[in-house]
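Undergrad:
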Amino acid sequence: MGAKAIVGLQWGDEGKGKITDFFSSQVDVVVRYQGGNNAGHTVVVNGKKYKFHLLPSGGLRGKKLVIGNGVVVNPSVLLDEIDMLSRHSKIDLMVSDRANVIMPYHIMLDGIDEERLKDKKIGTTKRGIGPCYADKIARLGIRMGELVDKELFKERLETIFLLKEKIFEAYGLHLDINEIFEEYAGYGEKLKSYVDDTIYYLNSIIDEKEILFEGAQGFLLDIEYGTYPFVTSSNPVAGGISTGAGVNLRKVDAIIGVLKAYITRVGAGPMPTEEKGKIGEHLAEKGGEYGTTTGRPRRVGWLDLFNIKYSIMVNGIDYTIITLLDALEGIEEIKICTSYELDGKILESWPIQSEIIEKCKPIY
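The numbering of the sequence shown is this note's numbering, which starts it at 3 and goes up by one.
1) Determine the closest residue to isoleucine 207 out of Val9, Thr22, Asp30, Glu16, with distance taken between C-alpha atoms.
2) For the 8 Å Cβ check, are there 3 or more pairs between the stretch 50-69 and the stretch 179-189?
3) So, helix, strand or coil for arginine 145, using DSSP?
4) Taking the Cβ atom as the reference point for each residue, do asparagine 39 and valine 68 lie within a distance shorter than 8 Å?
5) Taking a contact to mean a Cβ-Cβ separation below 8 Å, would you say lysine 311 touches glutamate 343 in this structure?
6) How many Å lie between asparagine 205 and histidine 284 at the Cα?
7) Could you compute how far the alpha carbon of asparagine 76 sits from the alpha carbon of lysine 66?
8) Ignore the nearest five residues each way along the sequence and tell me which others in serine 195's own chain have a CB closer than 7 Å to its CB.
9) From glycine 19 to methionine 110, what distance separates their C-alpha atoms?
10) Ends of the beta strand (DSSP E) at lysine 92?
11) For aspartate 199, collect the residues of the same chain with a Cβ closer than 7 Å to its Cβ; drop the 5 residues on either side in sequence, then sort them by chain order.
12) Just the Cα atoms here: how many angstroms apart are glycine 242 and isoleucine 314?
13) What span of residues does the beta strand (DSSP E) with serine 313 cover, start to end?
14) Under the three-state reduction of DSSP, which class applies to asparagine 55: helix, strand or coil?
15) Does the beta-carbon of histidine 108 have 16 or more other beta-carbons within 10 angstroms, so that it is buried, or is it exposed?
16) Do the stretch 165-181 and the stretch 41-52 touch if we need at least three Cβ pairs shorter than 8 Å?
17) Can the beta-carbon of isoleucine 358 be found closer than 8 Å to that of leucine 307?
18) Runs of 4 residues minimum, wholly inside the stretch 164-251: which ones carry the alpha helix (DSSP H) assignment?
Here it is, written out as structure tokens:
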């Protein structure tokens with residue numbers, strides 16, 4: 003028995019959902035280890051499409067699903083997805099008691115911050131992901147284990163309001179703590195049966211069961227390794243399995259990297275191989291390049307092997323899977339970027355700063 007991991011090697015939307023769904027038929031448990039409902043995957047079963055943002059792939063195949071401690075959970079969204087899945091399959095779900103909860107003020111703050119940035123917007127989905135992770139690091143978060151304990155939740159919420167009241171006022175937010183408590187305590191009651199210690203569970207079965215770890219988004223959006231600050235607030239990197247699921251990475255037998263035959267990204271940030279003309283339109287149409295979560299059209303460009311090499315190096319990829327090769331059909335000349343040129347010099351390594359990447363010219 004053993005474990006595998008699926009990691010996106012680009013800026014997300016590589017087709018991981020389809021790949022994870024394929025491999026999920028061969029495993030016992032599928033684990034999500036980071037991100038929130040800012041990411042989405044589409045699964046097709048018997049010709050019908052299903053879109054999920056929090057639940058891991060594999061639920062429609064009756065697999066055990068685990069949401070790890072590295073995920074931030076919008077309880078309302080999770081309940082909606084549980085309801086949708088329950089109409090088509092028996093649910094076997096465990097949610098980490100350590101996973102942080104996205105609160106209504108996180109969503110409000112996310113939207114306000116994005117609007118204030120104006121032309122310097124990050125391109126956030128405005129789902130409250132960043133502010134929730136920020137509170138987690140600042141030790142001002144509420145965890146699922148607290149949400150499902152009514153007394154503990156009330157105590158924690160009162161403490162947070164005491165500490166953040168002036169911040170809320172500065173943003174012009176007028177929040178009713180009692181309304182929030184009643185609404186979210188209700189969510190906690192409905193989710194209580196799913197919340198448990200996923201870390202001990204996963205470590206107790208990893209030598210006996212087949213486990214698949216599913217990364218959301220893509221490595222180039224990683225908060226540590228991506229095109230900062232145009233990144234997500236979590237760690238899609240394979241190493242995020244250790245921090246986001248509590249499993250020793252040495253227990254993972256194979257790390258599988260997924261990439262498209264071209265490249266896309268949603269929102270702002272550098273993208274040296276971007277194509278805005280007819281080629282870009284062709285790829286967007288053939289690939290159906292619209293975000294699962296936001297519905298926004300994705301930016302499209304040629305395959306960039308320079309950043310793929312970087313992704314493979316850091317993630318320790320054992321195997322790669324290329325998706326959407328058929329989207330290239332009908333294109334007379336296909337380009338592949340192998341390096342970048344900056345000020346007349348060929349770069350040997352992928353740049354750290356987004357400002358530098360913006361100035362780079364792709365070498366095809």
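Beta carbons are placed, not taken as given, at the ideal position from N, Cα and C, and that holds for glycine. Keep in mind it's a predicted model, so treat the numbers as computed, not measured.
TA: Inspection of the coordinates gives the following:
1) Asp30
2) no
3) strand
4) no
5) no
6) 46 Å
7) 20 Å
8) none
9) 29 Å
10) Looking at the DSSP string, lysine 92 is not in any beta strand (DSSP E), and its letter there is neither H nor E.
11) Asp99
12) 15 Å
13) Unbroken run through serine 313 is the alpha helix (DSSP H), 307-317; no beta strand (DSSP E).
14) For the sequence presented, residue 55 should be read as histidine rather than asparagine. Correct three-state label for histidine 55: coil.
15) Buried: at least 16 other Cβ atoms inside 10 Å.
16) no
17) no
18) 179-193, 200-207, 242-247
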